[in-house]
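Worksheet for the structure shown next.
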Amino acid sequence: MMRGRVVWSAGVVMTVLALGAADVVASALPAGYDFRAYWLAGQHLLNGAPLYPGPDTILGLPDEFRYLPIVALLFIPFAVLPYSIALAIWTALQVATAAAVGIALIRQLPPLWRPWAAAGYVFFLGLVLEVTLGNVNLLSLGLALAAWRFRDRALPAGLLLAAAVGLKFLPLTLLLFYVASGRWRPVVTGGLIGTAALAVGALLMPDRTAEYVRFAPRLLEQDWVYAHIARPGPPELAGLFWSDWFPLALAIGAVLFAIAAGIAARRDRWNENAWHTLTLATAGYLAPFGYFWTTFLILSLPLAAETLRRAATRPAGERVPIVALVVCSWVLMEPQQTGTLVPILLHLLGVAVLFVVAIVTVLRPAPSIVGLRLPSTTARTSQ
C-alpha cells in the first residue's frame, strides 16, 4: 500500500513538472499562429475579402485558410472580437478539449499509472504545439473519438463523424474503417448530414463555394512544401522524404490499412477498439506530406493509451517490455529541430514502434482472455 502511494505521488509530481515544462515550451512558440488564419477567415466572410489564396500565390504562407467555407462560419463569433480576446477564448477551448481527450484516454489505465500517463500526455510535443498554435486537429480528434463512443447509434455517431471530417479531412480514412468493419450506418448518416450542410452552405454562400471549388485542387500541390520546409539533409533522408513516391506510398498504405483494420474489427469485435486506434494513428499519412506535420502525431495518443491498457492485463514479463516500448515511441516523437530531417525520421520511427507493439498485443491476446468467446454480435455488426 505504501509503495503504491509513493509511486502515485511521484507520478503527480512528474505531472506538475510536465505542466511547467509544457508551459516553458509553449512560451517559446508563436501563440495562435494557426488560429489567426481562422480568425481572419471569419472577418473575410464579413467584409467580402477573398477567403482563399489566389492562383498565383504560393501556398503555406501565414494566415492561409484552406478549409470548407462552412468551417469559416464557425469563426465569425471570434472574428467580431479583438484578436487578443478571441485567441484567449480559443486557447481556453483548446485546453478544455485537451483535458477532455486526456481524461477519456487516461482513465482506462490502472490508477497507479494514471499520473505518469498524464505527465507524458501534457508534455507530448504534438499536443503542446497543437494547443499553442491553435489548430483544429485536436477538435477533429475529439469528435472522432466521441463518434466511436456512440458507434452503435447511427445518428449521434454520424453527426459527430461528419463534424470530425468536415472540420478537417484529417480522419478521412476512418470512413473506410467504419464501412469495412460493418458499421456503415454512421457513415451513411454522416454523409447525409454532411451533404445537407454543404448544400445549405452552397445556397447561403454561392460565391464562397465557387471560390473553394477553384482552390481545392491546389491542396494536392507539393511545391509549396518544398519551399517552406527547407530541411537540407542528411542527403540520404532528403532523397527519400522529397521523393514523389514516398508520400504516395504512405497515403496508399493508410487507405489499405484502414480497410484491412475494418475487416479485422468486423471479424473480432473484442479488439475493434484497438483496430480503430490503429487506423486513427495512421490517418494523418493520407495527407500530402502528412509525416512532416508534428501536430498530426496527436493521432497516435489513443493508440498509446489502448496499448498501455492492454499491457496492464499482461504478466509482468510481458508488461514491462510493452510499457518500455511505448515510452520509447514517446521519446522518439519528442525531438524538434529545424534545418534537418532527422526529427522527422525519429517521429516516423516512433509511430512505427508504437504501431508494431500495438499489433503484437492484438494478435497475441493476454492469457486471461485466451479461450474466451464473446456473445453473438450479429445484431451489432451492421451498425
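In terms of this note's numbering, the sequence shown opens at residue 931 and continues consecutively. All C-beta atoms, glycine included, are put in the ideal place defined by N, C-alpha and C.
Please report whether the beta-carbon of residue i lies at a distance below 8 Å from any beta-carbon of chain D.
{"i": "E1151", "result": "Among the chains of the structure shown, chain D does not appear; only one protein chain is present."}
Would you kindly work out how many angstroms separate the C-alpha atoms of residue i and residue j, rounded to a whole number?
{"i": "L1278", "j": "L1133", "result": "43 Å"}
{"i": "V955", "j": "R1239", "result": "29 Å"}
{"i": "V1010", "j": "A1049", "result": "37 Å"}
{"i": "V937", "j": "V946", "result": "15 Å"}
{"i": "A1217", "j": "A1181", "result": "7 Å"}
{"i": "R1044", "j": "F1222", "result": "30 Å"}
{"i": "S1259", "j": "L1276", "result": "9 Å"}
{"i": "L1069", "j": "I1252", "result": "29 Å"}
{"i": "A951", "j": "T1139", "result": "43 Å"}
{"i": "Q1267", "j": "A958", "result": "13 Å"}
{"i": "G1301", "j": "P1245", "result": "With a pLDDT of only 47 at G1301, under 50, the local geometry of the prediction cannot be trusted, and the value read off the model is given with reservation. The alpha-carbon atoms of G1301 and P1245 are separated by roughly 17 Å."}
{"i": "D964", "j": "V1066", "result": "9 Å"}
{"i": "A1074", "j": "P1116", "result": "12 Å"}
{"i": "D1137", "j": "S1014", "result": "30 Å"}
{"i": "V1130", "j": "G1220", "result": "31 Å"}
{"i": "S939", "j": "F1107", "result": "40 Å"}
{"i": "A1146", "j": "M1263", "result": "31 Å"}
{"i": "P1164", "j": "G1269", "result": "10 Å"}
{"i": "W1114", "j": "V1143", "result": "28 Å"}
{"i": "P1265", "j": "L1102", "result": "27 Å"}
{"i": "D1174", "j": "G934", "result": "52 Å"}
{"i": "P1086", "j": "G1124", "result": "13 Å"}
{"i": "I1228", "j": "A1084", "result": "26 Å"}
{"i": "R1148", "j": "G1121", "result": "24 Å"}
{"i": "K1098", "j": "L1293", "result": "32 Å"}
{"i": "M944", "j": "A1179", "result": "39 Å"}
{"i": "R1197", "j": "V1250", "result": "29 Å"}
{"i": "M900", "j": "E1166", "result": "Since the first residue shown for the chain is 931 and the last is 1313, residue 900 is missing from the structure and cannot be characterised."}
{"i": "N977", "j": "P1012", "result": "15 Å"}
{"i": "R1081", "j": "Q1038", "result": "18 Å"}
{"i": "G1322", "j": "V1257", "result": "It is not possible to answer for residue 1322, since the shown part of the chain is limited to 931 through 1313."}
{"i": "A1168", "j": "V1261", "result": "23 Å"}
If we call anything under 8 Å between Cβ atoms a contact, is residue i one with residue j?
{"i": "E1060", "j": "T1225", "result": "yes"}
{"i": "L1105", "j": "V1118", "result": "no"}
{"i": "L1150", "j": "S1230", "result": "no"}
{"i": "Y982", "j": "R996", "result": "yes"}
{"i": "G1032", "j": "Y1051", "result": "yes"}
{"i": "L1233", "j": "L1271", "result": "no"}
{"i": "L1100", "j": "G1183", "result": "no"}
{"i": "G1192", "j": "A1110", "result": "yes"}
{"i": "A961", "j": "L1023", "result": "no"}
{"i": "N1203", "j": "E1248", "result": "no"}
{"i": "F1176", "j": "I1274", "result": "no"}
{"i": "W1020", "j": "G1064", "result": "yes"}
{"i": "V1290", "j": "A1211", "result": "no"}
{"i": "A1002", "j": "L975", "result": "yes"}
{"i": "E1141", "j": "P980", "result": "yes"}
Taking the continuous alpha helix (DSSP H) assigned at residue i, which residues delimit it?
{"i": "Y1108", "result": "1103 to 1110"}
{"i": "W1078", "result": "1067 to 1079"}
{"i": "Q973", "result": "965 to 977"}
{"i": "Q1024", "result": "1013 to 1036"}
{"i": "N1201", "result": "Neither: N1201 is in no alpha helix (DSSP H) and is coded neither H nor E."}
{"i": "P1165", "result": "1165 to 1171"}
{"i": "S1259", "result": "1246 to 1262"}
{"i": "W938", "result": "932 to 957"}
{"i": "L1271", "result": "Run containing L1271: none; DSSP gives neither H nor E here."}
{"i": "I1228", "result": "Looking at the DSSP string, I1228 is not in any alpha helix (DSSP H), and its letter there is neither H nor E."}
{"i": "I1193", "result": "1175 to 1197"}
{"i": "I1006", "result": "1006 to 1009"}
{"i": "F1099", "result": "No alpha helix (DSSP H) holds F1099; DSSP gives it neither H nor E."}
{"i": "G1131", "result": "1114 to 1134"}
{"i": "R1315", "result": "Not covered by the structure: residue 1315. The range shown for the chain is 931 to 1313."}
{"i": "A1049", "result": "1044 to 1052"}
With a threshold of 6 Å on Cβ separation, who are the neighbours of residue i within its own chain once the five nearest residues in sequence on each side are excluded?
{"i": "P1320", "result": "In the structure as shown, the chain starts at 931 and stops at 1313, and residue 1320 therefore has no counterpart that could be examined."}
{"i": "A1195", "result": "S1111, E1202, W1205"}
{"i": "W1078", "result": "H1206"}
By Cβ distance, which residues of its chain are closer than 7 Å to residue i, with the 5 residues on each side in sequence left out?
{"i": "F1005", "result": "Y968, W969, A971, G972"}
{"i": "L1255", "result": "V1283, V1287"}
{"i": "F1053", "result": "A948, A951, A952"}
{"i": "I1036", "result": "R1044, A1047, A1048, Y1051, A1235"}
{"i": "V942", "result": "P1045"}
{"i": "A1309", "result": "A caution first: A1309 carries a pLDDT of 39, below 50, which makes its placement in the model too unreliable to give a value."}
{"i": "I1299", "result": "Residue placement at I1299 cannot be trusted, given a pLDDT of 49 that sits under 50; what the coordinates show is reported in the next sentence. So the list is empty, once near-sequence residues are dropped."}
{"i": "T1062", "result": "A956, L959, A961"}
Leaving out five residues before and five after residue i in sequence, what residues of the same chain have Cβ atoms less than 8 Å from its Cβ?
{"i": "A1127", "result": "I1000, A1092, G1096"}
{"i": "T1307", "result": "Because the pLDDT of T1307 is 40, which lies under 50, any placement of that residue in the model is unreliable, and the number read from its coordinates should be weighed accordingly. Once the five neighbours on either side are set aside, the close Cβ partners of T1307 are R1199."}
{"i": "P1007", "result": "G972"}
Cβ contact (3+ pairs, closer than 8 Å) linking the region 1024 to 1035 and the region 1171 to 1189: no
Given 8 Å, three or more beta-carbon pairs between the region 1087 to 1102 and the region 981 to 995: no
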